[in-house]
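Following: one structure in structure tokens, then a few remarks.
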Amino acid sequence: MSEAVLAVIFFVVPVILLLAVAVFASRNSVLTKKDMQRLHFRYMYGASVDRMLAECPLDLDYIRRTRDSGKRGRVSAIQYVRKWDPVPLEVAAEFVDRL
55 MSEAVLAVIF FVVPVILLLA VAVFASRNSV LTKKDMQRLH FRYMYGASVD
105 RMLAECPLDL DYIRRTRDSG KRGRVSAIQY VRKWDPVPLE VAAEFVDRL
């Protein structure tokens, strides 16, 4: 074999394999949407619904009116909270129920 072929086999191929492993390893470390919502809730409110009730910048009267408006009111209120304050579904539901 020539020196060029040996250089490709012993140098270029391992470099390409290492890059492929690095790409696949980094794909597993990406945070999911749910993880991002949990981090936002923990960062903004210290993972406390009581603190969220006290500090939430949303219009609480609007959320109450939406919740009490009809048969889909609670669902609409939860969607509104999650649209403007990206918290997990169960946190938004507890927030709306306790409001």
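Under my numbering, the sequence shown has 94 at position 40, and the numbering climbs by one with no breaks. All C-beta atoms in this analysis are idealised placements derived from N, C-alpha and C, irrespective of residue type, glycine included.
| Check | Outcome |
| --- | --- |
| Kindly confirm or deny that the region 86 to 102 and the region 120 to 133 touch, where touching means at least three C-beta pairs closer than 8 Å. | no |
| Does G127 come out as helix, strand or coil in the three-state DSSP assignment? | helix |
| Nearest to E109 by CA position, among L143, S56 and D139, is which residue? | D139 |
| Taking the alpha helix (DSSP H) that D89 belongs to, which residues open and close that run? | K87 to Y99 |
| Just confirm the distance between the C-beta atoms of L153 and L107, as a whole number of angstroms; I'd bet it's less than 8 Å. | 7 Å |
| Quick check on V129: buried or exposed, where buried means 16 or more other Cβ atoms within 10 Å of its Cβ? | exposed |
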